[in-house]
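FYI, in my numbering the residues of the sequence shown are 132 to 636.
These notes concern the structure reproduced below.
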Amino acid sequence: PLAYCGELPEAQLGALGSDARATGESREVFRTSLQADWRTSFADVTSLTGYNTLRHDARSDATRLVGPATFFYLGRLPSGAVVPQVLESKLFRGDRDYVDEFSQELRLAGGEDTRLRWTAGLYYYRQTYDGGLDAGTLSNLPANFVSFVPPFYTAIARPWFVTSGAPAFSRFERKTDSRAVFGALEFDFTDRLRGRVEGRYTDEEKVQSTPIRDGAAIANPRSFEDSWNFFTPRVTLDFRAAEQWLVYGSAAKGVKAGGFNENASVPGEESFGPEENWTFELGAKGALADGRVSLDAAIFYVDWTDMQLPALSPGASIPQTVTLNVGTATSRGIELALRAVLTRHLNANIGFSYTDAEFKDAHNRSLISLPSFAASGGDISGYDLPRTSPTQWTAGLDFRHPAFADFDVFGRLDYSYKSSQYPTTDRLTRIGAMERVNARIGLESGAWRLELWGDNLTDDATPTGAFRDAWLNNYVDNQVAIFLNRTTVSYPRLRTWGANVSYRF
């Protein structure tokens, strides 16, 4: 079959495995920030400075089978005859993400005690990224190897078989510089009616190069450079209908900057443009029963244009993964949240949301191999947005009571539900409804916290995500694409429990 159809099954116990050579990941994160405030007769001045680093390396078992994967190849016998043979080997994946970030914001605010308040500022952000992702087997090809079956697989899979003890690695470097100027005006029309207008102009530039491929330096690294600028406004109106009730409405534009397709071979596809959306929201927040019950309710509508989506290149001679601006989409729905104080020591909460999200006018070229999409060129207009559950529920109970000395005993029980969803745009594969029950119980003082916890207590094994392998790299950079016609599925942690002890000082 070209694609898995129907609801994805739960994983059978013992069906998934890992190899000891999949050494896992190493992750180091450093975060620091500095805030400085000055008060002048004209305005309050705030400076916000941030510097963050990430160092992440990983090697994982990409086969995810108890045993090795099977490769079919043509091998030469001592007689000289070339016959089909079988090679078994594990497939590993290597990751590297080295990130350095610096940000600086300078903000002025005035009119604090007047009906008209204002804010203005400047913002700068710089990120350098050095990383990549590739696959390898950590084993050699047989001495009698001639070619893989099918033959075109040889050019794709042969670099996987290495002798260096590590997967073949292709690395790219990217630098992002973003500059913005922003401002806001807030005005009290009356004691009960307030309006706010905000605006932000952003200029963003990205430069990317691929200096290393398959572990070797490239003489002439492929480079990309592009820039985008956009204006994002927001308008908000608040009305205090009663002492404990607020009604509000807002309209805001959001922009997701463009990026690069480092594997693109067709001129004009090296970069993709920004994704834009307008979000409209109308809601109310209030309290009942002398503040013991609080309620939040909202309806929303989101209108996307130039939505970014991984797809097959429409013009490439062989299937290639690129991100394209595929078209328009909308999302609308409601959100409800209720919190209640049941007793002095027991609180409860419940939440509900309903979302109707679909493509309006969009094409996903990665689907053209499927008969139902071939004639339309991958038309997905009217299809659900992927990874969106129409219905979601949450509920919880929170308990706290004095125990002894300065210790309190506490407990927390949470329930969540997500209705079934389509993980991909083709609407052929479906993830079933998912339920989770988590619990916490423990003792806490001003300094100490002792906690017993359990997650996924019902042992729900419903998949958490999936995608169809329309190309070899599973959306991974620096790999040529071929069709494998399989679905890769992510599964949750099953019932997990543990204990935490912490001390604050």
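Ideal Cβ placement from N, Cα and C applies to all residues, glycine included.
Note that the coordinates shown come from a computational prediction; the quantities given were computed from them, not determined experimentally.
For Q216, the closest alpha carbon among the candidates S402, V280, Y548 is that of V280. DSSP, read as helix, strand or coil, puts P502 in helix. A Cβ-Cβ contact shorter than 8 Å links T459 with K491.
The beta carbon of L625 sits closer than 7 Å to those of N587, D590, A592, all from its chain and outside the five residues before and after it, given in chain order. Residue environment: L419 is assigned as exposed (fewer than 16 neighbouring CB atoms within 10 Å of its CB, all protein chains considered). In the DSSP secondary-structure assignment, L469 is bridged to L426, I481.
The way I'd put it, the region 209-228 doesn't touch the region 246-257; fewer than three beta-carbon pairs between them come closer than 8 Å. Going by beta carbons, R580 and S507 fall outside the 8 Å limit.
Put simply, the region 496-515 does not touch the region 524-543. Fewer than three CB pairs are less than 8 Å apart. In the three-state reduction of the DSSP assignment, A288 falls in the helix class.
Annotation: the continuous beta strand (DSSP E) that includes S191 extends over 175-192.
Between the alpha carbons of G414 and L473 lies a distance of about 25 Å.
Counting only the Cα atoms, E406 lies some 7 Å from G389. The residues G206, R207, in chain order, have a CB closer than 6 Å to that of N275 in the same chain once the five nearest residues on each side in sequence are set aside. Judged by DSSP secondary structure, F530 falls within the beta strand (DSSP E) whose first and last residues are 522-535. DSSP places S381 in the strand class (E or B) of the three-state scheme.
Restricting attention to P517, P441, L222, A167, the CA atom closest to the CA of N456 is found in P441. The region 314-325 makes contact with the region 248-264, as at least three CB pairs between them are under 8 Å. Excluding residues up to 5 positions away in sequence, G181, Y182, N183 lie with their Cβ nearer than 8 Å to the Cβ of T163 in the same chain. Measuring C-alpha to C-alpha distances from L368 to each of E336, H476, G509, R323 identifies R323 as the nearest.
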